[in-house]
Every structure is written in C-alpha cells, then in structure tokens.
Amino acid sequence: MAASTSLALVLAVCCCCCYAASVAPLSSADSSGEFLQCLAAGVPSQLVVTRGSSSFASVLASSVRNPRFLAPGTVRPLCVVTPTNASHVQAAVLCGRRHGVRLRVRSGGHDYEGLSFRSVRQEVFAVVDLAGLRSVRVNRRAATAWVDSGATVGEMYYAVAKADAGLAFPAGLCPTIGVGGHFSGGGIGMMMRKYGLSVDNVLDAMVVDANGRLLDKKAMGRDYFWALRGGGGESFGIVLSWKVRLVAVPRTVTVFNIQKTLAQGAVDAVTKWQTLAPAALPDELTIRVVVQNKQALFQSLYLGTCDQLLPVMGSRFPELGMARADCREMSWLQSMVYINGGTSSTPVEVLLNRTTSLSVYTKNKSDYVKQAIPSASWERIFPWFDGAGAGLIILEPHGGKVGSIADGDTPYPHRSGVLYNIQYVAFWPVTTATPAVPDWIKNVHAFMEPFVTSNPREAYVNYRDLDIGENAVAGGVTSYESGRVWGEKYFGAANFRRLALTKGKVDAGDYFRNEQSIPPLVSIK
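Heads up: the sequence shown runs through residues -20 to -1, 1 to 505, numbered per mature numbering (1 follows the signal peptide of the UniProt record, and there is no 0).
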C-alpha cells in the first residue's frame, strides 16, 4: 500500500571543574540597560538585536519550530545575540553574570518546549543564537570532524558526505535540528544500532563556562566532559563546537517504506517487530515504525544492497512481505533525504534548508519499552490513532551498539534491556482559535502507562516535556529535589545525581538555568 500520505503527515510535524560565583541579583530596567551597554563593548552592534529593533521579531522567529511559542503572552528575551566567534559568546556570559541577565542558548530551535528562546515564567533573559557558528571541518584521513553547534544535522551530513561519500555520522533524521541541542541530549537516529548515539562518537568539545572561559576536553576535566555528552548541555555552559568520530558507510545503501493496515496484519507485524528489530536483525539494519491513522508505516535503512537485504527480510520478517520492488538503492546522503520525505531524485541540497513550516502546532511526549507489548494490547492501542485530533507515535528500535554501552558511560541511561523508544506527537492547525494542547496526547500517554517503563517512567530529554516536572528555585538556585522529579526520568537516579554534582562544581551559582536545567548539588567533604 502506498505510504506517501502518512509519510507526508509525519514530515509536517518534523519536528574544568571550578567554583562559579553567584549571579548578580535579578535584572532591573537599569541593569538591563547596563547589560546592553556591556555587550556593546564586546560584541559588534549588528550582532545584538534588541526588542526595539525592526528585525527583532524576525530574528527571534528565525529558528522557532513550533508556532505555539510565538503566541501573545510568550515571555520573550531582552535581546538576541548572534555571535560569529567565541569572544562574542564569552562577552555575553561575562556581561550577563555581571548584570544579572541569564542566557538561553539556541542552535536549531527544536527544543520541544521552546526553552532555548522563551521562558515559562516572567524573567529578564537574553538569547544567544548560534546560527552564525555553523562550520563543519572534516578531516578525511583521521575520519573526524569539528562541527559547530549552530550547524544543522542536514548541514553536517552534507559536508561530511561531500568530503568523502564513504563517511557519515550517526544522528537524527530531521535535517533542521541544531547540532548543539541534538548532541547535548544524546542523539538517537537510524544508525545507532550500528554505531551508537551521536554522543557515543563525540571525542572533544569547546565550551564557554559560567566564568566566560573557553575550555576543551582536557581543560574542562572528566566529569564536565561527561555531562556535556547527553546531560543537557545548556545547564553547564555554551558548547560552541564538537569533535566527532565519523563512521564508515557503503557507497550504496537500501531504504524502504512499507505500510500495513489492520486488515493487512499491522498488529501482528508491530508485535513481532518489538523483539525482532532491537535484537534479531543485523546491526546494519534499522527499521522504525510510525503508527498513524490505524496503520503502521515501516521505514528502514540498511547499510548494504537490496540483494543482501532481501534474504534477511524473507527469513526473519516475512510478515512484512518485503519484495524487490520495495527496495530503493542510493547513497547514504540521499537516504537521509528519502527517509525524511524526499525521493531518490530529490536534490541532496534540500538538507541545507534551515527553514520549516509553521502551519501546525505540536506537542510531544516520550516513553521507553523494555517488555514487548502483547498483540491483544496493540489491538486496543491502534484505535487511538484514528479520527479527528489523533496524532501519531514513532517507535525507534534500540539494541546493538547503543544497548551495549553501560548506562553510566554517558548521561543517556536508556541502554541495556531497552527494546525501543516511543515518541508521541500531537499536531493541530494554527487556524484553530487557541494553541492549547489537545487532550488526545495526555490521554493516550496515560493509556500507555501499563506497557512502558516504571519507577521511574523513563523519558528522552531531547523530547522535552514540561508535564513531567519543572524546577523550583529556592535561595537563588534550583532545588535539587524539584529537579529529581523530572531529571531521574530523563537520566536515571545515579546519572542525575552525578550531573547535579558536576553542576555544583562548574556552575554553583546556577547561572545557566531554565525550567528543566540541572540543579547544582554541592558535595560537602
């Protein structure tokens, strides 16, 4: 059955350890002006866009991916700083600390709750938009690259493949995702079963800390570097660039999109997929599932040819009924276009487009599954994805390399025993009278509770969800106990505590703070 209709709807929503002194008191109108004057001494005026500028609205909106956060009443920044080198970022941090203006950092704008450019509560803050820092520098011989945080995943993929078609990098599918945010949360994608998460392949980083110092891996120390790779980088400083290990891909890869209705055995196919995709398929083969309109769309990337793939699918997943006609052979770079809704002939330059549609509001949630959901339960789940207001879910298989790494090796703890991740997506048109989130996503998320992890009910930090908890501030810093409510869901108890202790060493004054930033925990020896 043709998969184009469901796929189009999916695409419419694609969405040095040291003590840090306390932050100056909350900014008044006078100190806000002093902050801007301070910036003027260290950052060229054309790179600081204030509310009074005619271009403020367009610059702020330039990387907004969800129009819900453009609605009236949204708490907007005092200004947007658009640095073009590290000294501009250092100046912003030093001025912010001196005058009590906190910074929020935006690389691609895909934060699902918009916390990279807006505040839930009334406060004075500025945004550092890293879109002007987007270089990708590839070392073919060493198979490494330095990738600036402001680059998008699509820009990174394009630069790497153009430097050497036999090299790639394991990261997400949506090409407009900013590298800075994506890496800071872990970075799942279609090659994680073969090569692990994005952060499993990060070798070094350059970060501006809460004291305005520019540090690399050696200077920042072991715990700081650990925290940046999946612990929500915005809590610890501003990461400007990442050194990554590139991975080998064949000159030809194979992709397919196969859709199954209920009448065609969608329930049986998804039921079997749950244990097959994470553990019983070659690591070179990833099959993810999109459930929408009471149908299941199976999307695959295989690092090999159709001739190699067909016998594997025929013997291990006959329920899918894959035939040669389903195969599409192409370069790895082209596959990133194809899986994201293009065709085998769509120019790969579309990966360089940083803009997205603002035609729909969205809301996302996440879960992890460690025990396969029975067929009878899937019979009850599928009807949730039918009718007006219904959204979709995306199931991403784990296992392979991503599951073989210890839970504490990076802050991303969803490793051993995880079958797959679930992303819930609700979307509704901006033509509706209100951007209020529909009940559907909360209701289906509640319905799924018996089938997913518990104590805690795990979630993926890159699918940020404020419904699972927000920080409370006490004594001028974020409360550790309030952070545990949401933090242990994202990172697990041990990893969250280590993150908080690291925060206590590198930013004890809690300068880098938002509604779900890591709280500082100071260890008393």
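We put the beta carbon where it would ideally sit given N, CA and C, even for glycine.
Rounded to the nearest angstrom, the gap between the Cα atoms of Asp10 and Ala488 is 26 Å. In this structure, DSSP gives Pro409 an extended state, which the three-state scheme calls strand.
For Trp466, the enclosing alpha helix (DSSP H) begins and ends at Tyr460 to Phe471.
For Met186, the secondary structure class from DSSP, reduced to helix, strand or coil, is strand. Sorting Glu450, Ser459, Tyr470 and Pro409 by C-alpha distance to the C-alpha of Ser434 places Tyr470 at the top.
Distance between His378 and Leu290, taken at the CA atoms: about 22 Å. With 16 or more other CB atoms across the displayed protein chains lying within 10 angstroms of its CB, Thr156 is buried. Residues of the same chain with a CB within less than 8 Å of the CB of Tyr400, apart from the 5 flanking positions on each side, are Gln254, Ala257, Pro258, Tyr348, Val349, Leu375, Glu376, Pro377 and His378 in chain order.
Per DSSP, the unbroken beta strand (DSSP E) holding Trp222 starts and ends at Ile218 to Arg225. Taking C-alpha positions only, Ser315 is separated from Asp128 by approximately 23 Å. For Lys174, there is no enclosing beta strand (DSSP E); the enclosing alpha helix (DSSP H) covers residues Met172 to Tyr175.
A direct Cα-Cα distance of roughly 22 Å separates Val453 from Gly472. Beta-bridge pairing by DSSP links Glu376 to Asn401. The beta-carbon distance between Thr326 and Val340, rounded to whole angstroms, is 22 Å. This is too long to meet the 8 Å contact definition.
A residue is called buried when at least 16 other Cβ atoms come within 10 angstroms of its Cβ; Asp91 meets this threshold and is buried. In the three-state DSSP reduction, Cys154 falls in the coil class, being neither helix nor strand. A straight-line Cα-Cα distance of about 6 Å links Thr64 and Leu113.
With contacts defined by Cβ atoms closer than 8 Å, Ala228 and Phe492 do not form a contacting pair. Pairing Thr414 with Val140, the inter-Cα distance amounts to about 42 Å. Spatial neighbours of Ile373 in its own chain (CB-CB distance under 6 Å, excluding positions within 5 residues in sequence) are listed in chain order as Val271, Ile402 and Tyr404.
Annotation for Lys343: the continuous beta strand (DSSP E) segment containing it runs Val340 to Val349. Counting along the chain, no alpha helix (DSSP H) covers Ser280; the unbroken beta strand (DSSP E) around it starts and ends at Gln275 to Tyr282. Sorting Thr390, Ser67, Ser459 and Asn451 by C-alpha distance to the C-alpha of Leu110 places Ser67 at the top. The C-beta distance from Arg308 to Val235 rounds to 5 Å, short enough to meet the 8 Å contact threshold.
In chain order, Leu50 place their CB closer than 7 Å to the CB of Ala41, counting only its own chain and leaving out the 5 sequence neighbours on each side. Contact between the stretch 201 to 215 and the stretch 168 to 183 is present: 3 or more CB-CB pairs across the two stretches fall below 8 Å. When beta bridges are read from the DSSP output, Asp109 appears opposite Arg86. For Asp128, the enclosing beta strand (DSSP E) stretches over residues Thr124 to Asp128. When the beta-carbon positions are compared, Glu93 and Ser164 stay at least 8 Å from each other. Contact between the stretch 101 to 110 and the stretch 69 to 89 is established, with three or more Cβ pairs separated by less than 8 Å. Scanning the stretch 283 to 316 for uninterrupted beta strand (DSSP E) segments of 3 residues or longer gives 308 to 310, listed from N- to C-terminal end.
The criterion of a C-beta distance shorter than 8 Å is not satisfied by Pro47 and Leu261. Contact check for Val187 and Trp358: beta-carbon distance about 44 Å, past the 8 Å limit, so the pair fails to qualify.
Between Gly192 and Leu74, the beta carbon gap of about 4 Å places them in contact (Cβ cut-off 8 Å).
A direct Cα-Cα distance of roughly 11 Å separates Thr336 from Gly89. Going by DSSP, Val140 is part of the alpha helix (DSSP H) stretching over Val133 to Ala143.
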